[in-house]
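Numbering (the working numbering), first residue to last: 78 to 294. Even glycine gets a Cβ: it sits at the ideal position worked out from N, Cα and C.
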Ligand code: GRF
């Protein structure tokens, strides 16, 4: 099996990057984390990339103020490293339509909510304000409308009465670290195709999207 070369886009902490790097240490994992790009020079994820011996590059909006040029710089860097798949992991930029289309069905994102609920920011605060009983995270193919796109995997977590945004975020993040490597492996190993904006498993016995239940229904 030839492992697919993956570029990870980050802006900060990089805990999902760390989960992907850890998963990719298994020889049987279908993807290799070959490049990390950050739009912030002080992102902790860059340190993690360095420790893991992964090529890392900073592309800042300071040096590329126009979105088109910024995205072109990212695209050129990905191509220079022969990247085949892109995983956004806490990448806090809205990408241009041209860039998103160029990587259509080859770029995934992780979002801290059960999409389509709570697109955008402050998902944990909003779930608590709504007194939601469950919350979670989603891995999806990236489309130019933010936080939309065919869903590959979701994990549900309970919302406790005692939760603060921080305790809920920690529970969701733990689930993120489990489903992101799983979803990337599904993409990298070609287990599905996209039909009518839905994920369809290539082998009939498989059920997709993967939904990890943490609550009894
Ligand atoms: C995660 O909660 C992810 O879902 C969201 O941004 C956060 C990034 O965290 N898109 P980390 O940088 O991976 O630790």
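Legend entry - Residues of its chain near residue 280, where Cβ-Cβ distance is below 6 angstroms and the 5 sequence neighbours each way are ignored: Reading the chain shown from its first residue, position 203 is the one you call residue 280. Nothing listed; no residue qualifies.
Legend entry - For residue 108, the nearest candidate out of 97, 117, 273 (CA to CA): As a working mapping, residue 108 is identified with position 31 in the chain shown. Out of 97, 117, 273, 97 has the C-alpha closest to the C-alpha of residue 108.
Legend entry - Chain-order list of residues whose beta-carbon lies under 6 angstroms from that of residue 246 (same chain, five-residue window excluded): As a first step, residue 246 is located in the chain shown; it is residue number 169 there, counting from the start. Answer for residue 246: 201, listed in chain order.
Inset, instruction - Measure the C-alpha to C-alpha separation of residue 214 and residue 186 and round it to an integer number of angstroms. - result: Against the chain shown, residue 214 aligns to sequence position 137. Against the chain shown, residue 186 aligns to sequence position 109. So the two alpha carbons sit approximately 11 angstroms from each other.
Legend entry - Residue ranges of each alpha helix (DSSP H) within the segment 125-184, 4 or longer: 144-157, 174-179
Legend entry - residue 88 vs residue 170 beta-carbon contact at 9 angstroms: Residue 88 sits at position 11 when you count from the first residue of the chain shown. Residue 170 sits at position 93 when you count from the first residue of the chain shown. Taking 9 angstroms as the Cβ cut-off, residue 88 and residue 170 qualify as a contacting pair.
Inset, instruction - Identify which residue in 138, 84, 220, 120 has its Cα closest to the Cα of residue 154. - result: Within the chain shown, the letter at position 77 stands for residue 154. Looking at the Cα atoms, 84 is the closest of the given residues.
Legend entry - Alpha-carbon to alpha-carbon, residue 94 and residue 164: The residue given as residue 164 occupies position 87 in the chain shown. The residue given as residue 94 occupies position 17 in the chain shown. Cα to Cα, the separation comes out at about 9 angstroms.
Inset, instruction - Please decide whether residue 120 counts as near chain D, where near means a Cβ-Cβ distance under 9 angstroms. - result: In summary, chain D is missing from the structure at hand, where a single protein chain is found.
Inset, instruction - Quick one: using the 10 Å Cβ neighbour count with 16 as the cut-off for buried, is residue 32 buried or exposed? - result: In this structure the chain extends from 78 to 294, so residue 32 is not present and cannot be described.
Inset, instruction - Note down the Cα distance separating residue 192 from residue 79, rounded to an integer number of angstroms. - result: Locating residue 192 in the chain shown gives position 115, where the first residue counts as 1. Locating residue 79 in the chain shown gives position 2, where the first residue counts as 1. The alpha-carbon atoms of residue 192 and residue 79 are separated by roughly 32 angstroms.
Legend entry - Exposure of residue 233, with buried meaning 16 or more beta-carbon neighbours within 10 Å: As a working note, residue 233 is residue 156 in the chain shown. That one is buried.
Inset, instruction - Using three-state DSSP, classify residue 290 as helix, strand or coil. - result: On the chain shown, position 213 is the one that residue 290 refers to. Of the three classes helix, strand and coil, the one that applies to residue 290 here is coil, per DSSP.
Inset, instruction - Tell me whether residue 90 counts as near ligand 1, meaning its Cβ is closer than 8 angstroms to at least one heavy atom of that ligand. - result: Position 13 of the chain shown holds residue 90. The answer is yes for residue 90.
Inset, instruction - Determine the extent of the beta strand (DSSP E) in which residue 272 is found, giving its start and end residues. - result: Translated into positions along the chain shown, residue 272 becomes position 195. Note, residue 272: beta strand (DSSP E), 269-272.
Inset, instruction - Say yes only if the C-beta of residue 87 is nearer than 8 angstroms to one or more non-hydrogen atoms of ligand 2, and no if none qualify. - result: In the structure shown, ligand 2 is absent; the only ligands present are ligand 1.
Legend entry - CA nearest to the CA of residue 240, picked from 211, 121, 254, 258: Residue 240 sits at position 163 when you count from the first residue of the chain shown. That would be 211, whose Cα lies nearest to the Cα of residue 240.
Legend entry - Identity of the residue in 198, 271, 285 nearest residue 184 by Cα: Within the chain shown, numbered from 1, the residue matching residue 184 stands at position 107. Selected option, being the one with the closest Cα: 271.
Inset, instruction - Say yes only if the C-beta of residue 271 is nearer than 8 angstroms to one or more non-hydrogen atoms of ligand 1, and no if none qualify. - result: On the chain shown, position 194 is the one that residue 271 refers to. Result no, Cβ not under 8 angstroms from ligand 1.
Inset, instruction - Whole angstroms is fine: what's the gap from residue 182's alpha carbon to residue 150's? - result: Numbered from its first residue, the chain shown carries residue 182 at position 105. Numbered from its first residue, the chain shown carries residue 150 at position 73. Cα to Cα, residue 182 sits roughly 20 angstroms from residue 150.
Legend entry - Boundaries (first-last residue) of the alpha helix (DSSP H) holding residue 203: The residue you call residue 203 lines up with position 126 of the chain shown. 200-206 is the extent of the alpha helix (DSSP H) around residue 203.
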